[in-house]
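Trainee: Using this note's numbering, you'd call the opening residue of the sequence shown number 860 and step up by one each time.
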Amino acid sequence: MRSTFRTVIVALASIGLGVALLAIIAGTLRRAMANPRPELGESAEESKAQNKQALLEEDWPGFRGPGGTGISPSGKPPREWGNGKNLAWKADLPGAGSSSPIVVGDLVIALCYSGTPESLTRQLIAFEKKTGKRAWIWEAKADRAEDPNTGFITEHGYASSTPASNGKVVVAMLGKSGVACVDMAGKELWRAPTGTMSANRRWGSAASPVIVGDMVVVNAAEEARAIMAFDLATGKERWRAEGASLELCYATPLLARNAAGEEELILGVPNEIWSIRPATGKLRWHVEAPLPGNVSPSPAAGDGIVLIQGGYPSTTLVAAPLGGKGALPRDAIRWQSGVASYVPSGLISSGLFYCVTDKGQAICLEAANGTMVYQERLDIRGAEARSKPVYASLVLADGHLYATTRRSGVFVYPEGKSFSKPAVMKLGEDEDFSATPAVSGGSLFLRSDKALFCLRR
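1) Check whether the Cβ atoms of S1209 and E1274 sit closer than 9 Å, and answer yes or no.
2) Less than 8 Å between C-beta atoms, sequence neighbours within five positions excluded: which residues of the same chain meet that for E917?
3) Please report the distance separating the alpha-carbon of T980 from that of P960.
4) When DSSP labels each residue in this structure, what does E1082 get in the three-state scheme?
5) Given a cut-off of 9 Å on the beta-carbon distance, is the pair P1158 and L1113 in contact?
6) Among I1192, V1030, W940, which has the Cα closest to the Cα of I968?
7) Could you round the C-beta distance between I1070 and G1205 to whole angstroms and report it? I think they count as a contact, below 8 Å.
8) Beta-carbon separation of G1183 and S1104 under 9 Å?
9) Can you look up R1265 in the DSSP assignment and give me helix, strand or coil?
10) What residues match up with Q1195 in a beta bridge as DSSP calls it?
11) To the nearest whole angstrom, what separates the beta carbons of Y1109 and S1173, a pair I think is in contact under 8 Å?
12) For A903, which residues of its own chain have a beta-carbon under 6 Å away from its beta-carbon, when the five flanking residues on both sides are left out?
13) Using only alpha-carbon positions, find the residue among V1028, E1014, A1039, F1304 that is nearest to D1002.
14) Is the beta carbon of A1023 less than 9 Å from the beta carbon of S957?
15) Please name the residue, chosen from V1165, N1153, V1146, L1181, that lies closest to D1190 on a Cα-to-Cα basis.
16) Rounded to whole angstroms, what's the CA-CA distance from L966 to K988? Just pull it up for me.
17) For the alpha helix (DSSP H) containing T1013, list its first residue and its last residue.
18) I'd like to know whether the C-beta atoms of S1252 and P1203 end up nearer to each other than 9 Å.
19) Kindly list the residues whose CB is nearer than 7 Å to the CB of L899, restricted to its own chain and excluding five residues on each side of it in sequence; keep chain order.
20) Using DSSP with H/G/I as helix, E/B as strand and the rest coil, what is P925?
21) Using CA coordinates, which residue listed in T1139, V1198, P1137, P1188 is at the minimum distance from I1167?
22) Let me know the secondary structure DSSP gives A1148 once reduced to three states.
23) Which two residues bound the contiguous beta strand (DSSP E) that contains E998?
24) Considering only their Cβ atoms, is the gap separating L1303 from A1256 smaller than 9 Å?
25) Under the assumption that Y1250 contacts R1236 (Cβ atoms under 8 Å), give the Cβ distance between them as a whole number of angstroms.
26) Classify P897 as buried or exposed, calling it buried when 16 or more other Cβ atoms lie within 10 Å of its own Cβ.
27) How long is the line joining the alpha carbons of N1078 and G1127, rounded to whole angstroms?
28) So with Cβ pairs under 9 Å, would you call A1031 a contact of chain C?
29) Would you identify the three-state DSSP class for A903, choosing helix, strand or coil?
30) Between which two residues does the beta strand (DSSP E) holding S1299 run?
31) When burial is assigned at 16 or more other CB atoms within 10 Å of the CB, is K1317 buried or exposed?
32) Going by Cα to Cα distance, which pick from E1131, R1306, D1090, R1097 is closest to L1107?
33) Quick check on DSSP: helix, strand or coil for A1039?
34) Nearest to Q1195 by alpha carbon, out of F1278, L1091, L1150, Y1213?
35) Could you check how far apart the C-beta atoms of L1187 and I1164 are, in whole angstroms? I think they sit under 8 Å.
36) Between G954 and A1138, what straight-line distance do the alpha-carbon atoms span, to the nearest angstrom?
Below, the structure written as structure tokens:
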């Protein structure tokens, strides 16, 4: 451990970083390497704080929509499109990206990037939901270089984190350039650093910010081996939870509520599951879990349990109870399955867990016990290749699941225990659809590496 620490600091010094910056980085590294996880702490009353936001019922305010569940409670988007049918508008984007669009009020907002890793520009762009007309654009040049465009970065790029909004502001994660907050007119309010480190794989950032009350929580595992919370009004850091186990955690935390009404920030990390107290950043509970290697999918929660999937070279789906305290025994794990996703996240509806894996398998299990309901392979081009044909996560609206593939269209099929042959809808042949869709009312928003599409009944 000491050898690794010394090697990193010497390497940083060799590229000319200043003494003050080296001291900050050294302190972060030392703390993260010394502790595998954040400290346990008590704050039961604070964890019951209400997550009040100025949002509308039709809003899709962050990654995987309301509450990060992947479910639209009232949306009724189209199930058919093509040859101009149900295409309300299409808007070109100023850059590429894998982040999802969000919908807040009358705006649809997306994060993009252009340039090279050494000289990036990121754009936060807003369109009128009804017409697709550009409302505003905010641009920010990167403070420093990102990791090289090699390996798996070529599959997702440098704008993979979905923005988050509470109806009053929009927050975007900018990798090694930190986190930024703008108002609903695109005026910058503040920016804050999150760190400049790289994980050993150098895969770049992926996790999305989560708004919790008057804070925004960011998984900066890639940049600082830390989960951080910032004040939404000022950008001041409210708390920081550090741990070496965060390396190779690319998941967006899920804000879940246990049976006692207490909020828990749930996150899967390599070999463990964590529950973090939102008010303080202290651990509420943690448990050992068979999640070797990196963890990319975000959690799903329902009926008192949380489901975590991920791992490499083999993937695992693990169920753990909400509401625990302290270091839980290994047998607290309710069940586990070897049928799991490497990148896309799943969702829970009516006691069933649904997911389409990166290899294109549509799976459905009983959330309570892991009993397999069905496992079907979708007809996705390139499903046997090393490159992953599915990056986007499932969304559920009006009783139907929408599985977006990168180049083979969107597969639409009903929820339930019986698997029905999906309808396959396509928009473009030469575009990559890696972003999870957004649902708002009767509209479905799909984002490719080139454009934003509004499909409307």
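In this text, a Cβ means the ideal position worked out from N, Cα and C, and glycines have one as well.
Predicted model only: the values in this text are computed from it and were never measured.
Mentor: Per the coordinate set shown:
1) yes
2) S933, G934, V962, S1299, G1300
3) 18 Å
4) helix
5) yes
6) V1030
7) Actually they do not touch by this definition, with Cβ atoms about 22 Å apart.
8) no
9) coil
10) V1177
11) About 17 Å; that fails the 8 Å criterion.
12) Summary for A903: the model assigns pLDDT 47, below 50, so the residue's position carries little reliability; its value from the coordinates is reported in the next sentence. The answer is none, since no qualifying residue turns up.
13) A1039
14) no
15) V1146
16) 5 Å
17) 1012 to 1015
18) yes
19) K1141, L1142, G1185
20) helix
21) V1198
22) coil
23) 993 to 1000
24) yes
25) About 17 Å separates the two Cβ atoms, so there is no contact after all.
26) buried
27) 11 Å
28) The structure shown contains no chain C; it is built from a single protein chain.
29) A caution first: A903 carries a pLDDT of 47, below 50, which makes its placement in the model unreliable, though a value can still be read off. A903: coil per DSSP, three-state reduction.
30) 1297 to 1299
31) It is not possible to answer for residue 1317, since the shown part of the chain is limited to 860 through 1316.
32) E1131
33) strand
34) L1150
35) At roughly 13 Å, the Cβ-Cβ gap does not stay under 8 Å, so L1187 and I1164 are not in contact.
36) 36 Å
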